[in-house]
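Chemist:
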Amino acid sequence: MSTLEIKDLHVSIDTEQGTKEILKGVSLTIKTGQTHAIMGPNGSGKSTLASTIAGHPRYNVTGGSITLDGEDVLAMSVDERARAGVFLAMQYPVEVPGVSMTNFLRTAKTAIDGEAPKLRTWTKEVKDAMQKLRIDADFAQRNVNEGFSGGEKKRVEILQLELFKPKFAILDETDSGLDVDALKVVSEGVNRAHAEGNMGTLLITHYTRILRYIKPDFVHVFVDGQVVEEGGPELADRLEEEGYDRYATGAGAATIAAAQA
Amino acid sequence: MTEITTEKARIGAPSAQPFIDGFTEEGESLSPINAAASKAPLAGEAVKSHSHGGGVGIPDSSRAGRLTSYTLADFKPLTGLEEDWRFTPLKRLRGLHSEVLSGTAPTVTVSGPDRVTVETVARGDKRIGSAGIPEDRVSANAWENFSEATVITVPAEFEADTEVNVVITGQDTAAAAQHIVIVAEKFSKAVVVLDHQGSAVVSENVEIVVEDGATLTVITLQEWNDDAVHASSQQAKIGRDAKFKHVMVSLGGDLVRVTPSARFTGPGGEAEMFGLYFADAGQHLEQRLFVDHAVANCKSNVLYKGALQGRNAHAVWVGDVLIRKEAEGTDTYEANRNLLLTDGARADSVPNLEIETGLIEGAGHASATGRLDDEHLFYLMARGIPEDVARRLVVRGFLHEIIQQIKVPALEERLTDAVERELALTEN
Numbered sequence: 100m101s102t103l104e105i106k107d108l109h110v111s112i113d114t115e116q117g118t119k120e121i122l123k124g125v126s127l128t129i130k131t132g133q134t135h136a137i138m139g140p141n142g143s144g145k146s147t148l149a150s151t152i153a154g155h156p157r158y159n160v161t162g163g164s165i166t167l168d169g170e171d172v173l174a175m176s177v178d179e180r181a182r183a184g185v186f187l188a189m190q191y192p193v194e195v196p197g198v199s200m201t202n203f204l205r206t207a208k209t210a211i212d213g214e215a216p217k218l219r220t221w222t223k224e225v226k227d228a229m230q231k232l233r234i235d236a237d238f239a240q241r242n243v244n245e246g247f248s249g250g251e252k253k254r255v256e257i258l259q260l261e262l263f264k265p266k267f268a269i270l271d272e273t274d275s276g277l278d279v280d281a282l283k284v285v286s287e288g289v290n291r292a293h294a295e296g297n298m299g300t301l302l303i304t305h306y307t308r309i310l311r312y313i314k315p316d317f318v319h320v321f322v323d324g325q326v327v328e329e330g331g332p333e334l335a336d337r338l339e340e341e342g343y344d345r346y347a348t349g350a351g352a353a354t355i356a357a358a359q360a
Numbered sequence: 011m012t013e014i015t016t017e018k019a020r021i022g023a024p025s026a027q028p029f030i031d032g033f034t035e036e037g038e039s040l041s042p043i044n045a046a047a048s049k050a051p052l053a054g055e056a057v058k059s060h061s062h063g064g065g066v067g068i069p070d071s072s073r074a075g076r077l078t079s080y081t082l083a084d085f086k087p088l089t090g091l092e093e094d095w096r097f098t099p100l101k102r103l104r105g106l107h108s109e110v111l112s113g114t115a116p117t118v119t120v121s122g123p124d125r126v127t128v129e130t131v132a133r134g135d136k137r138i139g140s141a142g143i144p145e146d147r148v149s150a151n152a153w154e155n156f157s158e159a160t161v162i163t164v165p166a167e168f169e170a171d172t173e174v175n176v177v178i179t180g181q182d183t184a185a186a187a188q189h190i191v192i193v194a195e196k197f198s199k200a201v202v203v204l205d206h207q208g209s210a211v212v213s214e215n216v217e218i219v220v221e222d223g224a225t226l227t228v229i230t231l232q233e234w235n236d237d238a239v240h241a242s243s244q245q246a247k248i249g250r251d252a253k254f255k256h257v258m259v260s261l262g263g264d265l266v267r268v269t270p271s272a273r274f275t276g277p278g279g280e281a282e283m284f285g286l287y288f289a290d291a292g293q294h295l296e297q298r299l300f301v302d303h304a305v306a307n308c309k310s311n312v313l314y315k316g317a318l319q320g321r322n323a324h325a326v327w328v329g330d331v332l333i334r335k336e337a338e339g340t341d342t343y344e345a346n347r348n349l350l351l352t353d354g355a356r357a358d359s360v361p362n363l364e365i366e367t368g369l370i371e372g373a374g375h376a377s378a379t380g381r382l383d384d385e386h387l388f389y390l391m392a393r394g395i396p397e398d399v400a401r402r403l404v405v406r407g408f409l410h411e412i413i414q415q416i417k418v419p420a421l422e423e424r425l426t427d428a429v430e431r432e433l434a435l436t437e438n
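The structure is reproduced here in structure tokens:
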């Protein structure tokens with residue numbers, strides 16, 4: 100049983116216009132076995148939260164803390180976080196030319212486990228996982244994400260999730276750009292990983308569509324860098340009907356007020 | 011975060027003290043005193059002739075106009091301002107451009123299929139001069155001073171199933187001259203490996219004749235000791251429907267300057283030229299290519315990739331492609347990519363494309379010099395891979411594209427290991 104705890108997190112980025120605060124005090128606790136959905140309109144800071152947990156250098160933490168079973172995640176380097184059990188399924192997985200999937204997967208697995216996987220069982224494991232996610236066998240020989248379609252890249256992210264068995268999976272808009280079939284395949288993968296019982300999931304999404312396939316225990320609504328509402332799965336249903344307008348009105352009013360001031 | 015620039019220009023690594031001694035920010039001062047002429051340097055009938063250039067004060071406006079001659083005296087003493095020497099630190103040439111090359115030439119040991127003949131011949135042999143004519147003073151100096159040459163012949167229609175290994179081992183560091191001729195006769199097929207090692211100060215001319223319908227791969231490896239100085243002019247004459255592949259790998263040596271050229275003399279020819287270099291602190295690795303599309307319907311493809319690390323690591327790549335008026339139906343592409351792994355390294359990259367006819371299939375060139383992509387590193391590190399391992403994965407991948415062109419497994423393995431050793435040096 101593990102706990103990922105985010106407390107009063109403030110995050111900013113450097114832009115040409117100066118420092119811009121994106122997260123304005125976010126608190127969230129995720130435990131093994133739980134699925135938390137973070138929903139919100141574009142630009143609300145959802146992806147910033149995901150990237151900050153993973154340690155992307157673009158984001159500066161100016162306040163608050165992230166701990167994993169009491170260990171200071173913010174003090175860890177990007178690779179240390181991954182080895183501690185944090186996995187980020189990226190919104191836009193990059194292509195890494197010249198590095199084959201096979202080599203990449205084995206290198207990462209070795210780094211995470213601290214020892215090389217046994218070749219025979221590993222090969223079989225990769226093959227099986229690829230098959231379940233309907234990834235063509237020849238992908239293993241190709242370079243990481245090179246020439247993959249958007250949907251293929253997302254499936255390969257979930258392939259890694261299944262193979263690396265993290266304590267906490269952060270899915271950053273994994274559903275965006277997927278057709279229904281691909282969405283099902285990807286969701287099944289997440290559910291398989293979840294069913295093993297050792298993983299907590301933070302599901303970041305703009306749409307409610309994926310929540311038909313991955314059932315959240317908690318839903319948090321993000322607006323303007325803050326959690327504005329929290330609840331159970333029923334909150335997602337309400338969002339599906341009403342959209343984000345209800346929250347956006349307040350934010351818009353604030354913007355107008357600021358402009359007038 | 012990512013600093014990738016793509017342009018036809020010289021790009022230097024940012025650094026506190028960014029310039030190599032003797033270089034301005036622009037890298038050089040262009041000289042007005044470059045010779046020019048209109049004669050084709052080498053194509054068919056022109057092989058044995060020579061030109062003296064257009065005279066003082068006429069800039070070298072076309073690659074076709076470069077002075078070519080077998081006589082050293084035809085080339086003026088170098089000042090370092092010449093277009094083709096402006097990046098080269100002449101002081102470090104150890105006399106290759108100015109001394110009589112009387113040192114002991116590196117020994118040449120050849121092994122390979124029995125039917126491939128290896129001869130040591132005197133200067134007067136008729137095959138000498140069959141594919142090459144010096145285009146610079148250092149090459150002419152070697153031509154004037156070599157005492158005997160090695161001629162390797164792949165007989166007509168013979169298809170070699172193992173590669174021809176030519177091990178060239180430096181003996182001492184007195185400036186020396188070397189001459190090698192490789193002839194792939196009609197419809198033959200072979201892979202020839204020129205394996206340069208040891209310590210030497212040598213100017214080398216390699217003449218490569220690819221006769222009609224032949225398929226020849228020449229792989230030239232420069233894995234010299236740290237003190238070696240090597241200038242190598244490797245000129246290939248490509249016959250009708252012949253296929254030529256040239257793979258250049260420069261890893262070791264203080265100053266290594268390889269100038270490969272491919273000249274088409276009959277239609278239907280193909281040339282692929284690949285290069286890999288890894289420059290460490292203080293190393294100067296230079297490569298200047300020339301692809302001469304002098305006849306119709308030939309194809310060429312050039313890709314050179316380099317990694318640089320450490321203070322004053324310097325790589326130069328200049329790729330000249332000339333599509334002459336006669337060369338209708340030409341299809342050509344050339345590209346150079348450099349990866350700067352640390353501050354203080356410098357890569358100069360100049361792709362030049364001259365097109366004298368519009369009736370071509372395609373012509374393109376590209377150059378990009380940049381640092382390791384932070385997003386690549388982040389992706390790999392986010393999967394638990396430590397930074398040093400991630401960096402190595404990316405660089406290895408970057409260079410592997412060239413290594414996999416070699417297609418001699420033992421050699422690919424050896425070079426992969428060599429690249430690993432270079433990468434291990436980065437981590438201190």
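In order, the protein sequences belong to chains C and R.
For the first sequence, our numbering gives the first residue as 100, with consecutive numbering after it.
For the second sequence, our numbering gives the first residue as 11, with consecutive numbering after it.
Every residue, glycine too, gets a C-beta built ideally from N, C-alpha and C.
Return the first residue and the last residue of the alpha helix (DSSP H) that R/Trp153 is part of.
Modeler: Arg147 to Asn155
Chemist: Under 8 Å by Cβ, that's how I've got R/Ala345 and R/Ser310 pegged, so tell me the actual separation to the nearest angstrom.
Modeler: Contact doesn't hold; Cβ gap of about 12 Å is too wide.
Chemist: Buried or exposed for R/Asn151, please, with buried defined as at least 16 other CB atoms from any protein chain shown within 10 angstroms of its CB.
Modeler: buried
Chemist: Let me know the beta strand (DSSP E) ranges lying completely inside the stretch 120-207 of chain R, each 3 residues or longer, listed in chain order.
Modeler: 127-132, 158-164, 174-180 and 186-194
Chemist: Among C/Leu108, C/Thr118 and C/Gln116, whose alpha-carbon lies nearest the alpha-carbon of C/Thr151?
Modeler: Closest option to C/Thr151, Cα to Cα, is C/Leu108.
Chemist: For R/Thr379, does the count of other Cβ atoms within 10 angstroms reach 16, so buried, or fall short, so exposed?
Modeler: buried
Chemist: Alpha carbon to alpha carbon, what distance is there between C/Ile112 and C/Ile257?
Modeler: As the crow flies, the alpha-carbon of C/Ile257 is around 28 Å from that of C/Ile112.
Chemist: If you check the beta carbons only, do C/Gly184 and C/Leu167 fall under 8 Å apart?
Modeler: yes
Chemist: Quick check: what's the CA-CA separation for C/Asp344 versus C/Pro140?
Modeler: Take the alpha-carbon of C/Asp344 and the one of C/Pro140: they are about 9 Å apart.
Chemist: Quick check: the Cα distance between C/Glu341 and C/Ile129, rounded to an integer number of angstroms?
Modeler: If you take the alpha carbons of C/Glu341 and C/Ile129, they lie about 27 Å apart.
Chemist: List the endpoints of the continuous beta strand (DSSP E) containing C/Leu122.
Modeler: Gly117 to Lys130
Chemist: Which value, in whole angstroms, describes the spacing of the CA atoms of C/Asp278 and C/Lys252?
Modeler: 13 Å
Chemist: Taking 8 Å as the CB-CB limit, is R/Ala392 close to chain C?
Modeler: yes
Chemist: Thinking C/Leu260 and C/Ala292 are a contact (beta carbons under 8 Å), I'd like their distance in whole angstroms, please.
Modeler: 6 Å
Chemist: Could you give the C-beta distance for R/Ile192 and R/Val228, rounded to a whole number, given that I count them as a contact under 8 Å?
Modeler: 7 Å
Chemist: Identify whether C/Gln259 lies in helix, strand or coil by the three-state DSSP scheme.
Modeler: Note: C/Gln259 maps to helix in three-state DSSP.
Chemist: Among R/Trp234, R/Arg267 and R/Glu217, which residue has its Cα nearest to the Cα of R/Phe254?
Modeler: R/Glu217
Chemist: Residues of chain R with a CB under 8 Å from the CB of C/Leu187: which are they?
Modeler: Ala392
Chemist: Let's see if you can read the secondary structure: which residues bound the beta strand (DSSP E) around C/Asp113?
Modeler: Thr102 to Thr114
Chemist: Using a Cβ cut-off of 8 Å (strictly closer), state whether R/Tyr389 contacts chain C.
Modeler: yes
Chemist: Taking only three categories from DSSP, how would you classify C/Glu340?
Modeler: helix
Chemist: Output, in chain order, the set of chain C residues within a Cβ distance shorter than 8 Å of R/Phe408.
Modeler: Pro196 and Gly197
Chemist: Is R/Thr340 near R/Glu364, with beta carbons less than 8 Å apart?
Modeler: no
Chemist: Straight-line CA distance for R/Pro116 to R/Lys315?
Modeler: 28 Å
Chemist: For R/Thr367, name the three-state secondary structure that DSSP assigns.
Modeler: coil
Chemist: Using three-state DSSP, classify C/Glu170 as helix, strand or coil.
Modeler: Here C/Glu170 sits in strand by DSSP.
Chemist: Looking at chain C, is there any beta carbon in it that lies within less than 8 Å of the beta carbon of R/His107?
Modeler: no
Chemist: Given that R/Val404 touches chain C, what residues does it touch there, using C-beta distances under 9 Å?
Modeler: Val195, Pro196, Gly197 and Val198
Chemist: So is C/Ser248 buried or exposed if we call it buried at 16+ other beta carbons inside 10 Å?
Modeler: exposed
Chemist: For R/Ala224, report the span of its beta strand (DSSP E) as first-last.
Modeler: Taken as a continuous stretch (DSSP letters only), R/Ala224 belongs to no beta strand (DSSP E), as it is neither H nor E.
Chemist: Could you tell me the distance, in whole angstroms, from the CA atom of C/Val110 to the CA atom of R/Ala272?
Modeler: 57 Å
Chemist: Which residue marks the beginning of the alpha helix (DSSP H) containing C/Gly288, and which one marks its end?
Modeler: For C/Gly288, the uninterrupted alpha helix (DSSP H) segment begins and ends at Val279 to Ala294.
Chemist: Does the beta carbon of C/Arg182 sit closer than 8 Å to a beta carbon anywhere in chain R?
Modeler: yes
Chemist: What number of angstroms, rounded off, separates the C-alpha of R/Phe156 from the C-alpha of R/Ile143?
Modeler: 14 Å
Chemist: Look up R/Ser377 in the DSSP assignment and say whether it is helix, strand or coil.
Modeler: strand
Chemist: Let me check understanding here. Comparing Cα to Cα, which of C/Thr304, C/Ile269 and C/Leu262 lies closest to C/Gly276?
Modeler: The shortest Cα separation from C/Gly276 among C/Thr304, C/Ile269 and C/Leu262 belongs to C/Thr304.
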